[in-house]
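Below is one structure, written out as structure tokens; comments come after it.
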Amino acid sequence: MKHTLKLLAIAHLSTLSICKYPGLFLLLYLAQQHTMLAQPIQFPQATTSLSSTPEEEDMPEIALSLDDVPMPGTVLFGGMARTKAIIQKLQAVNSPAIGIFALGIHAQGAQNMQRLRMYAEAGHIIANHTYSHWSLNKVNPQTFIQDVQRAHRCFQALPNFRPWLRFPFLHEGETIAKRQAVMQALAAMGYQEGYVTISNHDYHINNLVVKAARAGKQINYEKLKAIYIRILWDCIRTYDQLARKVLKRKVKHVLLLHENDLAALFIGDLIEYIRSQGWRVISIEEAYKDAIAAVALMTNYGHTGRIAAIGVEKGLGKGLVGFPPTTHLKYIAEALQQEKVFTDP
Ligand SMILES: [Zn+2]
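Per my numbering, residue 8 is the first one in the sequence shown, and the count goes up by one each step.
In structure tokens, the structure reads:
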């Protein structure tokens, strides 16, 4: 979905050229550039709970989140059918609350708003993914914040709404000063960042599956499930290793997924697989209790997740915090082909 939305974002840009940076934001830029130099970077230490056993303390933990909700229907699932399937599969494995990052342009009409309400009524947490899905790297802070506020007005009355923002494309601005201006405006609105610690390209696998389905190919769902879980698990492990290297402790992870057909097919299997590897699946609210949620980052390197950003800020090279090879777009296409996931009828 990132590609489609990127086109949407570009299409919207032409309407934004008349926007000017207001004086307030310029002042914020300058103030932030000044304070950036003055503030020492504090990295969080592990916290322990007295109520759990040593074995439980050691269990890696992860929460799931879905972006771009409610996503439009495809040849595989209508939108409402997909939402129902995801909710049912989460219930079937007794999943804790996941994060539902709602997108304004997808939530047009009563049925799409109803889909968000269904997630909330099933116990999941609704949060803000902006109205228009603009990249902060391409619009000015004022325009971006107005778009966040527009989405806030759409979603704030939903049950289980939380003032958390997930940046579209995980783009946090092309300059640190721009990011700081937006973070300050968000804080004034009572918002915190709905960050991820594990990014991946689930949207790309999904795009290839939908394209094959539209072309009339037969899909081997067992093989597809195995590839989907393998790629995501590789990504989870890679980012967990990174977390232990950067923070010197385990972290409460947040996995980025999208509300796509793959989630509707396999989200229950994914959760069961994660648990089978000795991990605990936790609620999105529990995940955001990790001390990394309170770190005031002075980097805009957020597009591969918060651990990676902290790593860059600590001076690790950017090459050390990239995606694992199995999430590369070329690998995904080749894996689907080699395993003959799609065949002619
Ligand atoms: Zn998105």
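The beta-carbon is built from N, C-alpha and C at its ideal position, and this holds for glycine as well. Computed from a predicted structure; not experimentally measured.
Handout entry: Backbone secondary structure at L304 - three-state DSSP
Key = It is coil, neither helix nor strand.
Practice task
Compare the C-alpha of L262 against each of I226, I243, N307 and E128 and name the closest.
Solution key: For L262, the closest C-alpha among the options I226, I243, N307 and E128 is that of I243.
Problem - Distance between R221 and A194 (C-alpha atoms, nearest Å) - result: Looking at the two C-alpha atoms, the distance is approximately 44 Å.
Exercise for the section: Just list the beta strand (DSSP E) runs in the region 130-165, keeping only unbroken ones of 3 residues or longer that don't cross its boundaries, in chain order. Expected result: Segments of the beta strand (DSSP E) lying fully in the region 130-165: 132-135.
Practice task
Could you tell me if Y228 is buried or exposed, where buried requires 16 or more neighbouring beta carbons within 10 angstroms of its beta carbon?
Solution key: Flag for Y228 reads exposed.
Practice task
Output the residue ranges of the alpha helix (DSSP H) runs that lie fully inside the region 274-345 and measure 4 residues or longer, sorted by chain position.
Solution key: Every alpha helix (DSSP H) stretch that sits fully inside the region 274-345 and reaches 4 residues is listed by chain position as 291-294, 313-320 and 336-345.
Problem - Buried versus exposed call for M190 [16 or more other C-beta atoms within 10 Å across all chains shown] - result: Counting the other Cβ atoms within 10 Å of the Cβ of M190 gives 16 or more, which makes it buried.
Exercise for the section: Could you check what DSSP says for T90 in three-state terms: helix, strand or coil? Expected result: Here T90 sits in helix by DSSP.
Exercise for the section: Enumerate in chain order the residues of its own chain whose CB-to-CB distance from S142 is below 7 Å, with the five nearest sequence positions on each side excluded. Expected result: Exclusion of the five residues before and after S142 leaves A16, P175, F176 and H178 as the residues of its chain whose Cβ lies within less than 7 Å of its Cβ.
Practice task
Specify, as a first and last residue, the run of the alpha helix (DSSP H) that E229 falls within.
Solution key: Start and end: Y228 to L254.
Handout entry: Rounded straight-line distance, which links the Cα of Q95 to that of D268
Key = Computed Cα separation, rounded: 14 Å.
Exercise for the section: Tell me where the beta strand (DSSP E) around I69 begins and ends. Expected result: That run of the beta strand (DSSP E) goes E68 to V76.
Exercise for the section: Mind the definition here: the region 179-187 touches the region 135-154 only if three or more C-beta pairs lie below 8 Å; say whether that holds. Expected result: Under the three-pair Cβ rule at 8 Å, the region 179-187 counts as touching the region 135-154.
Practice task
Might you give, ordered along the chain, the residues of its own chain that have their beta carbon closer than 8 Å to the beta carbon of H310, omitting 5 neighbours on each side?
Solution key: The answer, listed in chain order, is F176, L177, H178, E179 and S206.
Practice task
Pick out whichever of P67, V253 and Q163 has its Cα sitting closest to the Cα of K321.
Solution key: Minimum Cα distance to K321 is reached at V253.
Handout entry: I314 to D74 span [Cα, whole Å]
Key = Roughly 19 Å between the two C-alpha positions.
Exercise for the section: Have a look at H260, L323, R282 and E279 and flag the residue whose alpha-carbon is nearest the alpha-carbon of A298. Expected result: When only C-alpha atoms are compared, the closest one is H260.
Practice task
Out of K347, P77, L277 and E293, point me to the one whose CA is closest to Q115's CA.
Solution key: Nearest to Q115 by C-alpha distance, out of K347, P77, L277 and E293, is P77.
Exercise for the section: Taking only the alpha-carbon atoms, compute the straight-line gap between L35 and K255 and give it to the nearest angstrom. Expected result: Annotation note: pLDDT 38 at L35 (below 50); position unreliable, coordinate value reported separately. Using only the alpha carbons, I get a separation of about 34 Å.
Exercise for the section: Flag P175 as yes when its Cβ comes closer than 6 Å to any non-hydrogen atom of ligand 1, and as no otherwise. Expected result: Yes; taking the cut-off as 6 Å, the Cβ of P175 has a heavy atom of ligand 1 nearer than that.
Practice task
Note down, in chain order, each residue of its chain lying with its Cβ closer than 8 Å to the Cβ of G86, except the 5 sequence neighbours on either side.
Solution key: In the same chain as G86, and ignoring 5 residues on each side of it, the C-beta atoms closer than 8 Å to its own belong to P77, M78, P79, G80, Q118, N119 and R122, in chain order.
Exercise for the section: May I ask which residues mark the beginning and end of the alpha helix (DSSP H) holding V217? Expected result: In the DSSP assignment, V217 falls within the alpha helix (DSSP H) that extends over D209 to R221.
Practice task
With distances taken Cα to Cα, identify the nearest neighbour of V348 among Q225, D65 and I132.
Solution key: Comparing Cα positions, the closest option is Q225.
Exercise for the section: Determine, using beta carbons only, whether I132 comes closer than 7 Å to chain C. Expected result: No chain C is present in this structure, which holds just one protein chain.
Handout entry: K185: first and last residue of the uninterrupted alpha helix (DSSP H) it sits in
Key = Unbroken alpha helix (DSSP H) run through K185: I183 to A195.
Practice task
Check whether the Cβ of D276 lies closer than 6 Å to any heavy atom of ligand 1, and answer yes or no.
Solution key: Because no heavy atom of ligand 1 lies under 6 Å away, the Cβ of D276 does not count as near it: no.
Exercise for the section: Taking only heavy atoms of ligand 1 into account, decide whether any of them is closer than 6 Å to the Cβ of D74. Expected result: Yes, Cβ of D74 sits closer than 6 Å to a heavy atom of ligand 1.
Exercise for the section: Hey, could you find the ends of the beta strand (DSSP E) A109 is sitting in? Expected result: That run of the beta strand (DSSP E) goes G106 to A109.
Exercise for the section: Flag this pair as yes or no: are the beta carbons of H131 and A158 separated by less than 7 Å? Expected result: It is not a contact, given that the beta carbons lie outside the stated cut-off.
Exercise for the section: Apply the 10 Å Cβ neighbour rule to R160 and answer buried if 16 or more other Cβ atoms are within range, or exposed otherwise. Expected result: Answer is exposed; the Cβ neighbour count stays below 16.
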